[in-house]
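For reference, the structure is listed below as structure tokens.
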Ligand code: TXA
Ligand code: MG
């Protein structure tokens, strides 16, 4: 993790201060910027401006019932907008800045665009760890809403190039490939018991340990609690076949760990069977196989523990 941090620091050193200033200017004007976070690239806008937020929904062609995550520079900033409870205190202390999103009740007249919360009384909040996201947030006087910077339902971007391919006219800050590669874990803290709405690098176990209690079972995708957890999501344009043991004709292979299959086109998510490496490579690999001339992507099984659960969640939605 320390080497990752040093790498990120190097990346930020290579960026001209001008690029960061430019991003801030664009955001202050009410326009959109593509920016790196440790999970995936975000499409950012001023969270307090309906007009700015509307541009996100338009560019992504995102359904208006699907609310956005508000990003803050630190926990104290976040507390101005939502009603913190003791679970939130513990989780924020343990995991922020980092890949965790909390759902909490909004404060009355908190000022966050009603469009961004799709009219809900709750708000999704996160303090990202990526130095570029941090630097931009610290220099602004307002929070940023930032969904993943991809057209609605398609693969989440883990490089600046992915974002530029989808949105050629967007100003994107290049912070190198995302180190985690999967979206943040979402925990709903508004119910009787905390519940995980979206699995991620931080697992149910990680959260339970900090809260010293058992989490409610994951609320299924179709529930109103997480309107964005559509069954079909993160999808490449060609079909996926999961948990394969044999290849069929014209299939590209998405493999994991050592194996004996041979395919005309293959990407191994981690040849040593490392799940964190697989998570970081997942969306890039799917994007590359998607642009191959194959008719389908055959996916080898991945273990369902730790971040494997989140990887399998994304693969299931991609194949739905
Ligand atoms: O890692 C991440 O979280 C990335 C980076 C850019 O921060 N962002 C991200 O945003 O994944 P997005 O918009 O792709 O996913 C946000 C998810 C959606 O499934 C949405 O429905 C859910 O969060 N969500 C937002 N507000 C909610 C709320 N008030 N209650 C329940 N779910 C909510
Ligand atoms: Mg998304």
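In my numbering, the protein residues as written are 20 to 339. We put the beta carbon where it would ideally sit given N, CA and C, even for glycine.
Comparing the CB of residue 108 with every heavy atom of the ligand MG, is any distance shorter than 7 Å? Outside the cutoff, so no.
Mind checking who residue 15 pairs with in its DSSP beta bridge? The structure shown does not extend to residue 15, since the chain is modelled only from 20 to 339, so the question has no answer here.
Evaluate residue 213 with the Cβ neighbour count: other Cβ atoms within 10 Å of its Cβ, from every protein chain shown; 16 or more gives buried, anything less gives exposed. Burial call: buried.
Between which two residues does the alpha helix (DSSP H) carrying residue 152 extend? Run containing residue 152: 150 to 158, per the alpha helix (DSSP H) assignment.
Around the C-beta of residue 186, are 16 or more other C-beta atoms found within 10 angstroms, so that it is buried, or is it exposed? Result: buried.
Please list the terminal residues of the continuous beta strand (DSSP E) segment that includes residue 274. 270 to 274 is the extent of the beta strand (DSSP E) around residue 274.
When you compare the CB of residue 177 with every CB in chain D, is at least one pair closer than 8 Å? Absence of chain D from the displayed structure is noted, only one protein chain being present.
Assigned exposure category for residue 207 - 16 Cβ within 10 Å defines buried: Residue burial is scored here from C-beta neighbours: residue 207 has at least 16 other C-beta atoms within 10 angstroms and is therefore classed as buried.
Evaluate contact between the region 144 to 164 and the region 76 to 91, counting only Cβ atoms and requiring at least three cross-stretch pairs below 8 Å. The region 144 to 164 vs the region 76 to 91: in contact.
What is the DSSP secondary structure of residue 306, reduced to helix, strand or coil? Judged by DSSP in its simplified three-state form, residue 306 adopts helix.
Taking 7 Å as the cut-off, does the CB of residue 203 come closer than this to any heavy atom belonging to the ligand TXA? Result yes, Cβ under 7 Å from the ligand TXA.
Could you give the C-beta distance for residue 261 and residue 286, rounded to a whole number, given that I count them as a contact under 8 Å? About 15 Å separates the beta carbons of residue 261 and residue 286, which is beyond the 8 Å limit, so they are not a contact pair.
Rounding to the nearest angstrom, what Cα-Cα distance links residue 239 and residue 174 in this structure? In this prediction, residue 239 has a pLDDT of 46, which is less than 50 and means its spatial position is unreliable; what the coordinates show is noted afterwards. Rounded to the nearest angstrom, the two C-alpha atoms are 20 Å apart.
Inter-residue Cα distance where the pair is residue 215 and residue 67: So the two alpha carbons sit approximately 27 Å from each other.
For residue 277, count the other beta carbons within 10 Å of its own beta carbon; 16 or more makes it buried, fewer makes it exposed. Which is it? With fewer than 16 other Cβ atoms within 10 Å, it is exposed.
Counting pairs of Cβ atoms below 8 Å between the region 225 to 235 and the region 101 to 116, do you hit three or more? Two segments are said to touch when three or more pairs of C-beta atoms, one from each, lie closer than 8 Å; by this definition the region 225 to 235 touches the region 101 to 116.
Beta-carbon within less than 6 Å of residue 220's beta-carbon, same chain only, minus the 5 sequence neighbours each way: which residues are those? So the qualifying residues of the chain are 118, 199, 326.
Residue 172 (DSSP reduced to helix, strand or coil): Of the three classes helix, strand and coil, the one that applies to residue 172 here is coil, per DSSP.
DSSP beta-bridge partners of residue 120: Answer by DSSP bridge pairing, in chain order: 205.
May I have the straight-line CA-CA distance separating residue 64 from residue 265, to the nearest angstrom? Residue 64 and residue 265: Cα-Cα distance of roughly 45 Å.
Close beta carbons around residue 302, own chain, < 6 Å, minus the five adjacent residues each side: Hits under 6 Å: 174, 175, 177.
Closer than 7 Å: residue 52 CB and nearest the ligand TXA heavy atom: Not one heavy atom of the ligand TXA lies closer than 7 Å to the C-beta of residue 52.
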